[in-house]
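Participant: Residue numbers (UniProt numbering): 1 to 370. For every residue, glycine included, the Cβ atom is placed at its ideal position computed from N, Cα and C.
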Amino acid sequence: MPTGRQVSLYHIRQLHAKLYEFYKAEQMTDVTITCAADSTPVRTHAFVCATSGYLADLLAGASGPPYVLALPSMGADRLRVLLDFLYSASLDPTISLTTYLQLASELKVPLLLEACQHALNQKIQTFGFNLESVDAGTTADDIRTIYAFILTYFSEGKLREQMINFFAAHPFAFTSAECLRLIPVDVFTRLLEEGCLLMCDPEGVVSLGRQYGEQCSKLVELYSQAHDLEASPFQAALQSLLQSAERRTPAAICTLLSSSDSVFVGRDSYGYHSRYAYEYSLISSRTVTYEKFPAHSWKISGLRAYVALSWDNIRPLAGFDVTYENIWTGETQEVLWDVDRDAEQYTSEYFSVPPGDVIEDMHIRHGWLI
1 MPTGRQVSLY
11 HIRQLHAKLY
21 EFYKAEQMTD
31 VTITCAADST
41 PVRTHAFVCA
51 TSGYLADLLA
61 GASGPPYVLA
71 LPSMGADRLR
81 VLLDFLYSAS
91 LDPTISLTTY
101 LQLASELKVP
111 LLLEACQHAL
121 NQKIQTFGFN
131 LESVDAGTTA
141 DDIRTIYAFI
151 LTYFSEGKLR
161 EQMINFFAAH
171 PFAFTSAECL
181 RLIPVDVFTR
191 LLEEGCLLMC
201 DPEGVVSLGR
211 QYGEQCSKLV
221 ELYSQAHDLE
231 ASPFQAALQS
241 LLQSAERRTP
251 AAICTLLSSS
261 DSVFVGRDSY
271 GYHSRYAYEY
281 SLISSRTVTY
291 EKFPAHSWKI
301 SGLRAYVALS
311 WDNIRPLAGF
321 DVTYENIWTG
331 ETQEVLWDVD
341 RDAEQYTSEY
351 FSVPPGDVIE
361 DMHIRHGWLI
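(1) For the alpha helix (DSSP H) holding Gly213, just list the boundary residues, first then last.
(2) Can you tell me the Cα-Cα spacing of Ser319 and Gly302, whole angstroms?
(3) Going along the chain, which residues of its own chain have a beta-carbon closer than 6 Å to the beta-carbon of Leu336, five neighbours each way excluded?
(4) Using three-state DSSP, classify Ala148 as helix, strand or coil.
(5) Just confirm the distance between the C-beta atoms of Ile91 and Ala115, as a whole number of angstroms; I'd bet it's less than 8 Å.
(6) Closest to Val187 by C-alpha separation, out of Met199, Ala168 and Ala89, would be which residue?
(7) In three-state DSSP terms, what is Gly61?
(8) Can you tell me which of Ile143, Ala237 and Glu334 puts its alpha carbon nearest to the alpha carbon of Lys123?
(9) Closer than 8 Å by C-beta to Thr175: which residues in its own chain qualify, once you throw out the five before and the five after it? Chain order, please.
(10) Since Phe67 and Ala50 are thought to touch, with beta carbons under 8 Å apart, how far apart are those beta carbons, to the nearest angstrom?
(11) Report the three-state DSSP secondary structure of Arg181 (helix, strand or coil).
(12) For the alpha helix (DSSP H) that Phe47 lies in, which residues bound it at each end?
(13) Taking a contact to mean a Cβ-Cβ separation below 8 Å, would you say Val31 touches Thr44 in this structure?
(14) Can you give me the C-alpha to C-alpha distance between Thr145 and Leu120, rounded to a whole angstrom?
(15) Using alpha carbons as the reference points, say which of Arg181, Gly64 and Ala70 lies closest to Leu55.
(16) Select from Ala104, Leu180, Cys200 and Gln333 the residue whose C-alpha is nearest the C-alpha of His227.
(17) Can you tell me the Cα-Cα spacing of residue 398 and Ser73, whole angstroms?
(18) Would Ser105 pass as a contact of Tyr147 if the rule is Cβ separation under 8 Å?
(19) Looking at the structure shown, is Leu71 part of a helix, part of a strand, or coil, going by DSSP?
(20) Under 7 Å Cβ to Cβ from Ala237, same chain only, skipping five residues before and after it: list those, please.
(21) Does the distance from the CB of Gln345 to the CB of Ala308 come in under 8 Å?
(22) When the distance is taken between beta carbons, is Leu103 closer than 8 Å to Leu86?
(23) State the Cα-Cα distance for the pair Ser155 and Lys292, rounded to the nearest angstrom.
(24) Is residue 382 buried or exposed, if buried means 16 or more other CB atoms sit within 10 Å of its CB?
(25) Looking at Tyr100: is its Cβ nearer than 8 Å to the Cβ of Leu112?
(26) On the DSSP letters alone, give me the boundaries of the alpha helix (DSSP H) that Glu161 sits inside.
(27) Please list the terminal residues of the continuous beta strand (DSSP E) segment that includes Ala305.
(28) So Val109 is in the beta strand (DSSP E); what residue range does that whole segment cover?
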């Protein structure tokens, strides 16, 4: 049985749908709006118009009902796009998001701004890291158009913040002078100093350490040229950031310079198994590998897994060798599985990542530390 809340929501949706039918049939309307260079008026309902701050102000100054309003600066077709959204509560996919953003801004429609923000989130999430790719095509151009419109016409608010964060995540997708000029100097400086500019390739491989510095330095040069500024203050800020990270600054300060890699084994899931008896003891605390390899200087670049040939007719995972790589110098060191092992009892398999990439997490489903 549906709950009372579900019944109420269904009833509201039905009323909304019926109101939309009345609008399309020009029935029971109480507002007539005349638009620029269009002799055919648009007939609608005051209840719906009131969701627009601009139209609500016009209604407040008009006599009625019925109300007669004039929009000399807007065509009837654009007004109908807005009204279709207000009645249907949905965006028409054939209409550009920029058109909706313009209407939301001009006519002060918070509901439409929220819908645009949600649609933009979906567009960004489905595109992933491919925005920098040469194959991005029209989708990337569409996002850049939206980026330019928001940063030009929205001086504050969630949409502007969303676009700045998007720039920080994909800076090399916006390297044209026109795009870079839309990022204020104080904003770029803050993103740079806080290590918020993500350096990655179209496949999502993130640059850390020296590679981060090299890529970010290229971005600094492009930004300086776009703003006709000296690059030296930005380069100094970048070097300060890199040096602070290398001096073991807490990783939280430089989130995009640092990895948080480690291999740990939960004490509730793994234990040391006796070689000759069906007994085991749980590990007293989790086993970790990263004590001498802080996350802001080292990353895991490889794992060698040891699998027992046979134990009770199964092949359990027995342990790991962990290869760490210094993100600043390229030096590698191995943390070996410290259990006395007979090579004939195990097979091994080595997992590695491409240069510049990071093993962020690893899920081990079952096994014993034998």
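Facilitator: According to the data block:
(1) Gly209 to His227
(2) For the record, residue 319 in the displayed sequence is Gly; it is not Ser. If you take the alpha carbons of Gly319 and Gly302, they lie about 14 Å apart.
(3) Asp321
(4) helix
(5) Reading off the sequence shown, one finds Leu at residue 91, where the question assumed Ile. With a Cβ gap of about 6 Å, Leu91 and Ala115 count as contacting.
(6) Ala168
(7) coil
(8) Ile143
(9) Leu219 and Leu222
(10) The residue asked about is misnamed: residue 67 is Tyr in this sequence, not Phe. That belief does not hold up - the Cβ atoms of Tyr67 and Ala50 are roughly 11 Å apart, past 8 Å.
(11) coil
(12) Ala46 to Cys49
(13) yes
(14) 12 Å
(15) Ala70
(16) Leu180
(17) This structure cannot settle anything about residue 398, because the visible part of the chain is limited to 1 through 370.
(18) no
(19) strand
(20) Thr189, Leu192 and Glu193
(21) yes
(22) no
(23) 46 Å
(24) Lying before the first or after the last residue shown, residue 382 is absent from the chain, which here runs from 1 to 370.
(25) yes
(26) Lys158 to Ala169
(27) Trp298 to Ala308
(28) Looking at the DSSP string, Val109 is not in any beta strand (DSSP E), and its letter there is neither H nor E.
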